[in-house]
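Written below as structure tokens is the structure these notes are about.
In this note's numbering, the protein residues as written are 9 to 319.
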């Protein structure tokens, strides 16, 4: 964890120098804004992984009909089913574990921040990373909206801490639920809403918020700010991707097509989808004309048939 302590504390201290000069070095506002700044830096660094996550999730949705076909065909042979499923993943460029990467990579960072806050409150003299004893003392004693950011819902009798912690836990739980629901309701085709993958998504829709709600009451207020900010980033980032680059055959894709049509109509233009429809219609018309012309041409007779007809 030592390298993580240095990286996280470096970003945290950098933001604290900026906000500390504005609000005071011991100010809870300065430390909360520093935690939010740390969160944004981490999430920006994870954008490439988020793009991979979106592509993998989309591919998983689109290949579900093929997965169900394999299950019907090889359901009696688990080993063959596993081999064919992995081959399908490989051919379609799908990594079923890519959707877990952003959250898995955040867990060590989350744990490192948790320990930095916890250590700052319990033993400021124990320095980790770039956090000196003075910074630890300020960090551990910082108060925001009447609550120490190093306190948790469970380890205090202060009503202010409990109210703020409860609000943040609810916000963290709600954003987790809404982010997952947004993905399922807007960016999943109808045929992907059934089968094992869909059942897994539905289970996560309700299980993850419960896990965060139960675990959240043991997190320091500072860590709750980190996780809530991260969830809000995820929700906004996902909303942007679903709105502008939805998966084919989903409600989000239909909504985007409707927006494109309306925008093109205002400018007197045609959307790419309309141009494609016209192209396909023209090709179909050409094929019908060719078939009609073929039927109208008289059938050529052989010499024997012509002689027989004369007799």
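Ideal Cβ placement from N, Cα and C applies to all residues, glycine included.
Looking only at C-alpha atoms, which of 163, 245, 83 and 220 sits nearest to residue 235? In the chain shown, residue 235 corresponds to position 227, counting from 1. Residue 235 has its Cα closest to that of 220, out of 163, 245, 83 and 220.
Using 8 angstroms as the Cβ pair cut-off and three pairs as the minimum, do the segment 53-71 and the segment 238-256 touch? Remark: three or more beta-carbon pairs, one from each stretch, lie closer than 8 angstroms, so the segment 53-71 and the segment 238-256 are flagged as touching.
Where residue 58 sits in the DSSP three-state scheme: Your numbering for residue 58 matches position 50 in the chain shown. Residue 58 falls in the helix class under three-state DSSP.
Consult DSSP for residue 227 and reduce its assignment to one of helix, strand or coil. Against the chain shown, residue 227 aligns to sequence position 219. For residue 227, the three-state secondary structure derived from DSSP is coil.
Can you tell which of 10, 271 and 49 has the C-alpha that lies nearest to the C-alpha of residue 135? By one-based count along the chain shown, residue 135 stands at place 127. Checked all of 10, 271 and 49; the closest Cα to residue 135 is 10.
Taking residue 64 as the reference, give the member of 113, 166 and 97 with the closest Cα. Taking the first residue of the chain shown as 1, we reach residue 64 at position 56. Comparing Cα positions, the closest option is 97.
Proximity winner among 166, 158 and 213, relative to residue 185 (alpha-carbon distances): The sequence position of residue 185 within the chain shown is 177, counting from 1. Nearest neighbour of residue 185 by Cα position, chosen from 166, 158 and 213, turns out to be 213.
Three or more C-beta pairs below 8 angstroms linking the segment 86-101 and the segment 124-141: Using a Cβ-Cβ distance cut-off of 8 angstroms, the segment 86-101 and the segment 124-141 are not in contact, since fewer than three pairs of beta carbons, one from each stretch, lie closer than that value.
Do you know how far the Cα of residue 51 is from the Cα of residue 241? Numbered from its first residue, the chain shown carries residue 241 at position 233. Numbered from its first residue, the chain shown carries residue 51 at position 43. Answer to the nearest angstrom: the Cα atoms are 8 angstroms apart.
Could you check the C-alpha separation between residue 19 and residue 264 for me, to the nearest Å? Looking up residue 19 in the chain shown gives position 11. Looking up residue 264 in the chain shown gives position 256. Their Cα atoms are separated by approximately 38 angstroms.
Determine contact between the segment 76-94 and the segment 159-170, defined as no fewer than three beta-carbon pairs at a distance below 8 angstroms. With the rule of 3 Cβ pairs closer than 8 angstroms, the segment 76-94 does not count as touching the segment 159-170.
Leaving out five residues before and five after residue 36 in sequence, what residues of the same chain have Cβ atoms less than 7 angstroms from its Cβ? Looking up residue 36 in the chain shown gives position 28. Within the same chain, residue 36 has close Cβ partners 150, 151, 152 and 157.
Residues that DSSP places opposite residue 152 in a beta bridge: Numbered from its first residue, the chain shown carries residue 152 at position 144. Beta bridge pairing from DSSP links residue 152 with 155.
Proximal residues to residue 14 (C-beta, below 6 angstroms), its chain only, five neighbours per side dropped: The residue labelled residue 14 in the question sits at position 6 within the chain shown. The residues are 137.
Where residue 52 sits in the DSSP three-state scheme: Translated into positions along the chain shown, residue 52 becomes position 44. Residue state, collapsed to three classes: helix.
Which word fits residue 146, buried or exposed, when buried means at least 16 other C-beta atoms lie within 10 angstroms of its C-beta? Walking along the chain shown from the start, residue 146 turns up at place 138. Flag for residue 146 reads buried.
Could you compute how far the alpha carbon of residue 115 sits from the alpha carbon of residue 49? Position 107 of the chain shown, counting from 1, holds the residue named residue 115. Position 41 of the chain shown, counting from 1, holds the residue named residue 49. In a straight line, the C-alpha of residue 115 is about 15 angstroms away from that of residue 49.
With DSSP as the reference, label residue 139 as helix, strand or coil. As a working note, residue 139 is residue 131 in the chain shown. Looking at residue 139 - three-state DSSP - the assignment turns out to be strand.
For residue 230 versus residue 180, is the C-beta spacing smaller than 8 angstroms? By one-based count along the chain shown, residue 230 stands at place 222. By one-based count along the chain shown, residue 180 stands at place 172. The answer is no: Cβ separation not under 8 angstroms.
Residue 268 lies in the alpha helix (DSSP H); which residues open and close that run? Mapped onto the chain shown, residue 268 falls at position 260. Per DSSP, residue 268 belongs to the alpha helix (DSSP H) from 259-275.
Is the Cβ-Cβ distance between residue 12 and residue 120 less than 8 angstroms? In the chain shown, residue 12 corresponds to position 4, counting from 1. In the chain shown, residue 120 corresponds to position 112, counting from 1. Contact: yes.
Measuring only the C-alpha atoms, how far is residue 127 from residue 16? Stepping through the chain shown from its first residue, residue 127 is reached at position 119. Stepping through the chain shown from its first residue, residue 16 is reached at position 8. Those two C-alpha atoms are separated by around 14 angstroms.
Excluding the 5 residues flanking residue 2 on each side, which residues of the same chain have their C-beta closer than 6 angstroms to its C-beta? Coverage of the chain is limited to positions 9 through 319, which leaves residue 2 absent and any answer about it impossible.
Which residues in the same chain have their Cβ closer than 8 angstroms to the Cβ of residue 237, if we skip the five residues on either side of it in sequence? Counted from its first residue, the chain shown places residue 237 at position 229. Excluding residues within five positions, the ones whose Cβ falls inside 8 angstroms are 43, 44, 47 and 48.
Alpha carbon of residue 142 to alpha carbon of residue 271, nearest angstrom: Reading the chain shown from its first residue, position 134 is the one you call residue 142. Reading the chain shown from its first residue, position 263 is the one you call residue 271. Counting only the Cα atoms, residue 271 lies some 57 angstroms from residue 142.
By the DSSP assignment, the alpha helix (DSSP H) with residue 101 in it spans what residues? The residue you call residue 101 lines up with position 93 of the chain shown. Counting along the chain, residue 101 falls outside any alpha helix (DSSP H), and DSSP gives it neither H nor E.
Between which two residues does the alpha helix (DSSP H) harbouring residue 11 extend? Translated into positions along the chain shown, residue 11 becomes position 3. Per DSSP, residue 11 belongs to the alpha helix (DSSP H) from 10-31.
Exposed or buried, which one is residue 129 when buried takes at least 16 other CB atoms within 10 Å? Within the chain shown, numbered from 1, the residue matching residue 129 stands at position 121. Result: buried.
Exposed unless 16 or more other CB atoms sit within 10 angstroms - verdict on residue 167: Your numbering for residue 167 matches position 159 in the chain shown. Residue 167 should be labelled exposed.
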